[in-house]
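Read the structure below first, then the notes.
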Amino acid sequence: TGVLLNNHMDDFAIKTGAANGYGLVGGFANAVAPGKRMLSSMTPVFLESDTLVAALGTPGGSRIPSMVTLAALAMAAGETGPDAWVSRPRFHHQFLPDVVEYETAAFDAAMLEGLSAKGHQLKAVRWEYGNMQAVAFSKDDKVLRAASDPRGEGRGLVRTINHEH
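Residue numbers 760 to 924, in our numbering, belong to the letters of the sequence shown in order.
Quick look at the structure:
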C-alpha cells in the first residue's frame, strides 16, 4: 500500500473519456499507472528573429499552448516588445469540449459573427486568464526588456549591473 500526495494527479486521465477539472477529456494513454509521468501543458518558449531574442512562459493548464502561441505570433507579426505580447487579448480552443473560449476584447463583432457562421461554438469568459512573463533582447539597440502580464501577479524588471572594479 502507499499514499500519494501531490498537486498533479488531475493531469492524469482519472477516467477515460471523462473531463478533468479543466475540461480536458482524458484517454487511455494518460491513465494513472505505476512509474508513469502525467502529460503536461508546460510550454516554455524561446524565440529568435533578425532583430530579437526572447523567452516567455505562463501558467494556465490547458490554455498554456494557446497563450504562448498567440505571443509568438505577435512577435512574428512584428509587435515590438514583450509588453505587447503578454497583454494581448486571448482565446482558446482545446478540441474537447468543442468550444472557443475568448476574452471579450479578443474578437470584434464581425469576427464573432464570422466564426459563428462557420459553425464555431463561442463562449466569452468572464475572467482574464494567464500570468505570462517575457523577456526580450533587441539585437539592434542591445537593450533587454522584460514584461509581466497585467492580468496576473509579477513585474517585469531589468537592472543594469556595473561590473567596473
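Beta carbons are placed, not taken as given, at the ideal position from N, Cα and C, and that holds for glycine.
If you're wondering where the values come from, they're calculated on a predicted model, not measured in any experiment.
Roughly how many whole angstroms lie between the Cα atoms of residue i and residue j?
i    : j    : result
F787 : E838 : 41 Å
S808 : M801 : 23 Å
D899 : V812 : 11 Å
L916 : D842 : 12 Å
K774 : R822 : 21 Å
N789 : R796 : 9 Å
Relative to the alpha-carbon of residue i, which residue among the options has its alpha-carbon at the smallest distance?
i    : options                : result
E860 : M768, W886, A895, H851 : H851
R904 : G840, V791, A883       : G840
R847 : S907, A777, I773, G785 : S907
A830 : F854, F805, F866, V858 : F805
T810 : D770, N921, S897, M870 : S897
F866 : A792, T919, G780, A883 : A883
Among all the DSSP beta bridges, which residues are the ones paired with residue i?
i    : result
V859 : L881
L903 : F896
F805 : A814
When every heavy atom of the ligand SAM is checked, does at least one fall within less than 8 Å of the C-beta of residue i?
i    : result
G776 : As for the ligand SAM, it is missing from this structure, which has no ligand bound.
Query raised in the report: Are the segment 909-918 and the segment 876-896 touching by the rule of at least three beta carbon pairs closer than 8 Å?
Result: Enough Cβ pairs lie closer than 8 Å, so yes.
Query raised in the report: If you scan the segment 807-850 from start to end, which runs of the beta strand (DSSP E) of 3 or more residues do you find wholly inside it?
Result: 811-816
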